[in-house]
Amino acid sequence: MAVHVASPRIWSRDLQKAWSTWGSRLCSQSSSSTQPSHHPRTQAEKAKRRQAREKAILSSDVNDPGLLWSDKEKITYTAALVPGEKKDTTLPFPQSYSPEYVEFGWYQWWEKQGFFSPEHKQPHAVDKYFSFCIPPPNVTGTLHLGHALTVAIEDALARWRRMQGCKVLWVPGCDHAGIATQSVVERKLMREQGKCRRDYSREEFLKQVWRWKDEKGDEIYHQLRKLGGFSSAVTEAFVRLCDSGLIYRSEALVNWSCALESCLAGLFCLFPVISRNSLCFSRCCLTFFVIFFSEGEVAVSTTRPETMLGDVAIAVHPDDPRYKDLHGKHCRHPFTERLLPIITDSMVDVTFGTGAVKVTPAHDHTDFLLSQRHSLPRLTVIGGDGTMTSDCGQWLEGVKRFDARERVITALMERKLFRGKKEHPMSLPICSRSGDVTEPLLKKQWFVRCQEMGRKAVQAVDEGDLQIIPHFYTKMWKSWLSNISDWCISRQLWWGHQIPAYRVTLENSKDTEEWVWGRSAAEARQRAAVKFGVNPDAITLTQDPDVLDTWFSSGLFPFAMLGWPQQTEDLKQFYPNSILETGSDLIFFWVARMVMLGRELTGQLPFKQVLFHSLVRDKYGRKMSKSLGNVIDPLDVISGVSLERLQEKVREGNLDPRESVVAMEAQKKDFPKGIPECGTDALRFALCSYKAQGEDISLSVSHVLSCRHFCNKMWQTVRFTLATLHDASLPTSLAETYPLSGMDRWICWRLYSTVQQCERGFQSYELHTVTSALHSFWLHSLCDVYLVSMIRHDAGGSSKKQVAVSVLYHCVSISLALLSPIMPFLTEELWQRLLPYADSDGTSRSLCVQPYPKTSQLVRNKTRHYQITCSSIFITKQLFFHLLLLLRSTGVFLRRRPTSLWYRKWSEWQGY
0 MAVHVASPRI
10 WSRDLQKAWS
20 TWGSRLCSQS
30 SSSTQPSHHP
40 RTQAEKAKRR
50 QAREKAILSS
60 DVNDPGLLWS
70 DKEKITYTAA
80 LVPGEKKDTT
90 LPFPQSYSPE
100 YVEFGWYQWW
110 EKQGFFSPEH
120 KQPHAVDKYF
130 SFCIPPPNVT
140 GTLHLGHALT
150 VAIEDALARW
160 RRMQGCKVLW
170 VPGCDHAGIA
180 TQSVVERKLM
190 REQGKCRRDY
200 SREEFLKQVW
210 RWKDEKGDEI
220 YHQLRKLGGF
230 SSAVTEAFVR
240 LCDSGLIYRS
250 EALVNWSCAL
260 ESCLAGLFCL
270 FPVISRNSLC
280 FSRCCLTFFV
290 IFFSEGEVAV
300 STTRPETMLG
310 DVAIAVHPDD
320 PRYKDLHGKH
330 CRHPFTERLL
340 PIITDSMVDV
350 TFGTGAVKVT
360 PAHDHTDFLL
370 SQRHSLPRLT
380 VIGGDGTMTS
390 DCGQWLEGVK
400 RFDARERVIT
410 ALMERKLFRG
420 KKEHPMSLPI
430 CSRSGDVTEP
440 LLKKQWFVRC
450 QEMGRKAVQA
460 VDEGDLQIIP
470 HFYTKMWKSW
480 LSNISDWCIS
490 RQLWWGHQIP
500 AYRVTLENSK
510 DTEEWVWGRS
520 AAEARQRAAV
530 KFGVNPDAIT
540 LTQDPDVLDT
550 WFSSGLFPFA
560 MLGWPQQTED
570 LKQFYPNSIL
580 ETGSDLIFFW
590 VARMVMLGRE
600 LTGQLPFKQV
610 LFHSLVRDKY
620 GRKMSKSLGN
630 VIDPLDVISG
640 VSLERLQEKV
650 REGNLDPRES
660 VVAMEAQKKD
670 FPKGIPECGT
680 DALRFALCSY
690 KAQGEDISLS
700 VSHVLSCRHF
710 CNKMWQTVRF
720 TLATLHDASL
730 PTSLAETYPL
740 SGMDRWICWR
750 LYSTVQQCER
760 GFQSYELHTV
770 TSALHSFWLH
780 SLCDVYLVSM
790 IRHDAGGSSK
800 KQVAVSVLYH
810 CVSISLALLS
820 PIMPFLTEEL
830 WQRLLPYADS
840 DGTSRSLCVQ
850 PYPKTSQLVR
860 NKTRHYQITC
870 SSIFITKQLF
880 FHLLLLLRST
890 GVFLRRRPTS
900 LWYRKWSEWQ
910 GY
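For the sequence shown, numbering that gives the first Met the number 0 puts the final residue at 911, and the numbers step up evenly by one.
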């Protein structure tokens, strides 16, 4: 995942361009320590669950009408506004909430004012830094609600810290997605021009990749034009790790995609169970054949007859009584006449087939280990393109591997060596990028030694230097890093960071393979001259055509984004980062590698805390994936979209036909009228309201719609507040506001309790407790109870009315500040409307740079001591008010009766 960023000094300026299609609208943005019950499932169980989900989608359920909604009036901001200038909030207040009206213009104004810059001066600034980076999205596709969750959480944390007075640096990036990007472009070229990558030179193909990005109109790639800075960091890291012996070149067995002609990380291999009903069933049969030796024959079982030409031994278990007499003997290969030793090893499974297995070290990971333990040769019989090599003989040379399987079985039958085959359901490694069956191949590659770095990463957690949140991921962290293997970082691609290593050819030298590395070709030449003691002019260098694994360059992101290897001011101020927030699925892909590389190259951990959020799934429990067609574009939730357009997007995607049918059927069931316009604030509030540190999130658009209704509730509350302020004197300052009535004291206590919950929620990164507290206060305390009580205050004396108006104003304004990190657009719009009534010195410009409310602020206002005296009585009253509203909504009361009943009950409480 190579990541490219603009210079840290200009990142906020580029952010508007880079995220203009989505990010600029979404970003600047009970305890969860209980471990969810993760029970490992077998591949068969996963397949069964997947089939059940598809059946649920395709079945017609008349009891599920899908998302129902009615069109709302769209209100737009019609006044002339130069981009970057402030909106005119003195215009008439619209009657209802409209996301398009509210969100218009604010982000551009925030950026022009420099509110997002770490250098922005704030009166309440503190000498603290808060820095972190956005997990860079793949450049290959559009963002989905999983990315939206990341941005919503991270932007909320960034805004909260900024309101606390910290210097905040939040850096976006872009993943160049080596394998994914190259495979997409190669398919496009084959489909449109009938050409493959090899029909172009490397430079011509890279131009095609850039052209593809320009055609997609993805402006994130404007940052990639500044590639030079990050490339130098990648080169520096490779050279330093080579010099320290942590990177080495060796021949080893790797996972190879014959379709991509590149090796893959094991993490990119899927392992579905292939059974009789699968298309690949013919590849999953257990084949039996015999091999003769001087005293008889031995029956051998295999699932891969096509690799027989690479067999170098027969292995049996040392305790298997069936083969006690064969230990140490030899048998003859049926096709090549080679003598094959019969070896014994406890790795052999006596229950597999006949208990005697062939050993093919160059095409099987277990066999490779056997070859190391028994000093066996390794013969490669399948090439990188998936065809049989010349070592197989003319009858198989050039034949595709699975076609060769049938030829080998036929040849065994002709020689009367075949003893049958039977069904053998098994897991096949499938390349998640190309969909082809990966092949274990013996290749010379560059590797990173990980054992010692992994040990240090575990030690950092054990000693408390690195905190993992939620804590239950610690066990997974330790288990994986304690058993980590060396990391293959070579990729046979053209798109990516070319490996800065050079093969050395000397004059009159033998055909030996010698390598050097360097920050440039000139440095590499000088290193080679010193290493071999020759004149630099006598050296010919050939740079390795391979590129580095995407995750190698992404592992440098936390410090490379700040200017490393140069010791820049940004690096000194903002490194180590304060926190890393990301999805739990990246714990090994990205997080562990950042920790290992950061500590090795900078001597420090790249961050102090890691906050994992859960995966976002659809309502059927499926992970949101482009390959399933169930991803939802955040813009479609923000701005609304028709069912027809949703289905067009599925048809435009490169989906399997069956997956396309399932995806479109799910859309028809879930969104019969499409998705309504919900707005950015409602989406952010909905995403933050889920318990992100626990089980996976099954996101419901209906929940986002309910949050839009909450936005309208806030809108109407501020309209009522403005009307009340218009008819009264200016509210007193918070320090001079002393609640007189019991209702005033109770709402002040509820406000104090809400501020306290928000403080705790942000400190523990449990944003769902923040949203829950604010939703409850605004809806159930402020609206359902206190605003209704204002009717009584209207009939009371002027002093009580003035106090109530001041209390209402401060409750609303403080609540808006509490909500600002999560709902920035709506709170800014409403706060600006209230600003003329504030006791301000004129320096208040934006809510996003105001101090975040503190409980100490309210304690000074003498509201804390009302908690004990008011809580029990008014909790009873609050429940009574909720009961009245429930009865009214269900039609038990006529709409006029609650009002009269309210007056009667309020008279009973008069004088409290």
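The beta-carbon is built from N, C-alpha and C at its ideal position, and this holds for glycine as well.
Looking from the CA of L338, the closest CA among K323, V311, V356 belongs to V311. Annotation for P557: the continuous alpha helix (DSSP H) segment containing it runs 556 to 559.
Between V447 and I488, the gap from beta carbon to beta carbon is short of 9 Å. With distances taken between CA atoms, L375 lies nearest to T365 out of T365, P605, V804, V529.
Counting C-beta atoms within 10 angstroms of its own C-beta, E84 has fewer than 16 neighbours from the protein chains shown and is therefore classed as exposed. Three or more beta-carbon pairs drawn from the region 809 to 827 and the region 98 to 106 are found closer than 8 Å, and the two stretches are therefore classed as touching. The beta carbons of A236 and L540 sit about 21 Å from each other, so the pair does not count as a contact at 8 Å. When DSSP assignments are scanned along the region 327 to 413, the uninterrupted stretches of beta strand (DSSP E) that are 3 or more residues long and fall wholly within it turn out to be 329 to 331, 338 to 343, 356 to 358.
In this structure, S261 keeps its C-beta atom at 9 Å or more from the C-beta atom of Q542. The beta-bridge partner set that DSSP reports for Q572 is empty. Three or more Cβ pairs closer than 8 Å define a contact, and the region 811 to 823 meets that threshold against the region 147 to 158. Between the region 119 to 132 and the region 697 to 714 there are fewer than three C-beta pairs closer than 8 Å, too few to call the two in contact. Look at the region 465 to 540 and you find these whole runs of beta strand (DSSP E), each 3 residues long or longer: 466 to 468, 500 to 505, 513 to 516. Membership of T723 in the alpha helix (DSSP H) is indicated by the continuous run 700 to 725.
Taking C-beta separations shorter than 6 Å and ignoring five residues to either side along the sequence, the partners of T601 in its chain run F558, following chain order. In the structure shown, W445 falls within a strand segment according to DSSP collapsed to helix, strand and coil.
Around the beta carbon of W394, fewer than 16 other beta carbons lie within 10 angstroms, which makes this residue exposed. For Y619, the closest C-alpha among the options E294, Q207, V208, A662 is that of A662. By the Cβ neighbour-count rule, T350 is exposed, with fewer than 16 other Cβ atoms within 10 Å of its own. Cβ atoms of I74 and P93 come within 8 Å of each other, at about 5 Å. By alpha-carbon distance to V806, the top candidate from P730, K853, Q849, P852 is P730.
Spanning the alpha carbons of Q458 and S481 requires a straight line of approximately 10 Å. Counting only unbroken stretches of 3 or more residues, the beta strand (DSSP E) elements lying wholly within the region 588 to 636 are 608 to 612, in sequence order.
Annotated as distal: L610 and Y785, with beta-carbon spacing of 9 Å or more. Shown here, P91 sits in coil according to DSSP, grouped into three states, outside any helix or strand.
For E651, the enclosing alpha helix (DSSP H) begins and ends at 642 to 651. Ranked by Cα distance from E305, the options D318, V358, E294, P320 are led by V358. Less than 9 Å separates the beta-carbon of W589 from that of S553. With fewer than 16 other beta carbons inside 10 angstroms of its own, C195 counts as exposed. Nearest to L441 by C-alpha distance, out of A251, E202, L778, is A251. Within the same chain, and ignoring the five residues on either side of L168 in sequence, the residues whose Cβ sits closer than 6 Å to its Cβ are P117, S130, F573. Within 10 angstroms of the beta-carbon of Q692 lie 16 or more other beta-carbons, which makes it buried.
For G385 against K399, the beta-carbon gap comes to about 6 Å, under 8 Å, which counts as contact. Apart from sequence neighbours up to five positions away, the residues of its chain that approach V640 with a beta-carbon distance below 6 Å are G673, I674, ordered along the chain. Per DSSP, the unbroken alpha helix (DSSP H) holding V233 starts and ends at 226 to 242. Judged by beta-carbon spacing, W516 lies beyond the 9 Å limit of R201, meaning their Cβ atoms are not closer than that value.
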